[in-house]
Each structure stands twice: as C-alpha cells, then as structure tokens.
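Residue numbers (the UniProt record's numbering): 1 to 351. Built from N, CA and C at the ideal position, the CB exists for glycine as well. The structure displayed is predicted, hence computed values, not measured ones. Following: one structure in structure tokens, then a few remarks.
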C-alpha cells in the first residue's frame, strides 16, 4: 500500500501545499461519514441466547448435550427485543449441513441428511414469536430422544431471524428493522462408542457458480461424525500428466451424514474437452488423513458452458507477434546475404 505523504513536507509552491491539505481533509471527512452511516444502518434488532441445561457437556455457548435413550427435555432460548418497535422473530429448528464454502450451515430448513435420526425430527418447530418493544422472553422447544437412542453425533441448530409485521413502520420504502439472523447450534451425543469417519468422492462435473466456470466435486460423509477444521488441498491435473492446472487450499468442516459440493474455480479460463483427475488431500487436527481421487471428463457441454459464463478469458492472439518474428528473420537473412556478397566482391577487387 502506498504511504500518504503530508503536503507540509513536500517541496513546491504554496498553492500545491494548500491543495494537498484540502484533499487530505476532504478524504478524512468523507471516510468518517461513511463509517457512521454504515454503523447506523446495520443496527442489531434482537438478541438470541441458549439457556444451557444440566446435561451440558462443555462450556460452549451452544447446546452441547449428553442425552439418554428415550429421554425428554426442553431446550430453552432467550430472546430480547432491543428496539423500540414490536417485531416478529421466527425460530427454525434445522439439521446441520455442509455448505459449498466447507462450513457448517444451520440455516437450511429443508436440508436432508444421509441417515437418521435427525435433529429436526427430535425437536418441535418452527416457532413464531411477537416481541413487544424491549421485551425479553424465553421460548421452549421439547426434545424427544428415540427409544433406542443413536450412535455418534446428531448436529442441528436454531436459526432465528426477524420477519416484518404487517403495517410495520417504513422509511423510504424500506423496513426500519434490518434482516438479522442468529444461529444457536445443538450437538447431541448418546453413547461413548467411537465412530470412525468415512469420506467418499462421489462425482466430479463442470458447471457454473454464480455464472462463473467451475468444476464441482460431490463429497459425502455418511457417518454420524462431525469433522472440524480439516486442512484440505484439492488439485486438478490432466490425465497422465503431473502439472497442476487448478488448486484449492483451505480449511473446511463437514457435518455428520451430509453430502455437499466443493467448487473449484476455473479462473475464467475456458473449459476444454478432455480427461482430468481430481485429487483431494484432507488432514484433521488429530493427524487423520484421507486421500480422495477421481477421474472426470469435460465433453461437449464445455462449449455450451463457456458461452453461458459471465466472463471467459479469450486465448491470446499471437498472430501479430509471429508476423513480426517472420519479418525480422527475413530482414536478418537479407542483411546476411547482402553482407556476404559485399565481402565476396571486396575480395575479388583486392585480387
């Protein structure tokens, strides 16, 4: 980043110094107003907090519970309206999934898992609560554990967000209550049995992500095991070659019993038909390692995707460069012939 040099230490005439000073204060005032406006428009409208029960396993702020087969209890969430307006809060009870960013996501109400039981099946919901201005209220959710219990980890959460009331105050056509959301996770465990994780790479295919050329890898974690903070390195190579065409390196977390698509950005380069190999290396903080590899093809759909993409880099047109090189070679040859003949003529003259 370039460092701003004060106009008072620059050499030059006084009017240049004055102009620099005016510009400096103009930028300073503009920056201050922007920050103040942003803070005002992004004011939080409510709070949501988990009331942790006695069977909480850790000091986490979310529900981290040891439950018993066939047991029942109530999970309590405390809501607080911090505005001077009445507002409606929706609390969804959702299963945890793995999103395309490789993060645990509790916001999808229709998320399906690769097995049972699920958090959503054990907890009633959603709830709709109307809070008066500054009101604080506790909302209870009955939790029913299956008679036979379950193995591993069940992961879900409460997704809380405000929803405008009818005839709610408007300012210039925009609701005064901004759309905020809170997520309170819930991790349930019933036994001490160790479940070994199993990851599979099911499918690799080209497509578009927000209009940009992408290759997607479908991964599955069929086991009731939460995998957190995995180091991931994914590479794409041409089949039979070692040169890396594309690479993604990041940390990811994978929810139990979930399927998700990992996007590999193609950097706006056109897709080319051919055989490729995707290799994914994963490593847990405990040192567990996974190697996933799969061949895939980019076929006739490549041209269609290239045309549909928002942006595609065009191959460099080197025809002018080649023409100039040919011309340069021709000039060198002509000069060489001319010099050779000139020397040959001079030798004859000397004789």
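Leaving out five residues before and five after residue i in sequence, what residues of the same chain have Cβ atoms less than 6 Å from its Cβ?
i, result
"residue 84", "133"
"residue 203", "218"
"residue 294", "201, 204 and 278"
Quick check on the burial criterion: 16 or more other C-beta atoms within 10 angstroms. Buried or exposed for residue i?
i, result
"residue 341", "exposed"
"residue 210", "exposed"
"residue 21", "In this predicted model, residue 21 has a pLDDT of only 39, less than 50, meaning its place in the structure is not dependable; the value taken from the coordinates is given anyway. Exposed is the call here."
"residue 223", "buried"
"residue 155", "buried"
"residue 264", "buried"
"residue 275", "exposed"
"residue 331", "exposed"
"residue 11", "Only weak support is given to the placement of residue 11: the predicted model assigns it a pLDDT of 41, under 50, and the value that follows is read from those uncertain coordinates. Counting Cβ neighbours within 10 Å, residue 11 comes out exposed, since fewer than 16 surround it."
"residue 337", "exposed"
"residue 152", "buried"
So, are the CB atoms of residue i and residue j less than 8 Å apart?
i, j, result
"residue 119", "residue 95", "yes"
"residue 93", "residue 141", "yes"
"residue 69", "residue 145", "yes"
"residue 160", "residue 89", "yes"
"residue 44", "residue 180", "yes"
"residue 280", "residue 234", "yes"
"residue 184", "residue 207", "no"
Note down, in chain order, each residue of its chain lying with its Cβ closer than 7 Å to the Cβ of residue i, except the 5 sequence neighbours on either side.
i, result
"residue 352", "In the structure displayed, the chain extends from 1 to 351; residue 352 sits before or after that span and is not available."
"residue 339", "none"
"residue 266", "213, 214, 215 and 246"
"residue 163", "88 and 90"
"residue 258", "97, 98, 113, 114 and 221"
Can you pull the DSSP bridge partners for residue i?
i, result
"residue 47", "80"
"residue 128", "90"
"residue 275", "297"
"residue 221", "258"
"residue 56", "65"
"residue 208", "213"
So, at 8 Å on beta carbons, what are the nonlocal neighbours of residue i in its own chain, with the 5 sequence-adjacent residues on each side left out?
i, result
"residue 251", "102, 229, 230, 231 and 232"
"residue 136", "78, 79, 80 and 81"
(Q) Assess contact between the segment 51–60 and the segment 96–114, defined as three or more Cβ pairs (one per stretch) separated by less than 8 Å. Is contact present? (A) no
Q.
Across the segment 192–199 and the segment 231–239, are there enough close Cβ pairs to call them in contact, namely three or more that are closer than 8 Å?
A. no
Q) On the three-pair Cβ rule with 8 Å, is the segment 124–144 touching the segment 283–295? A) no
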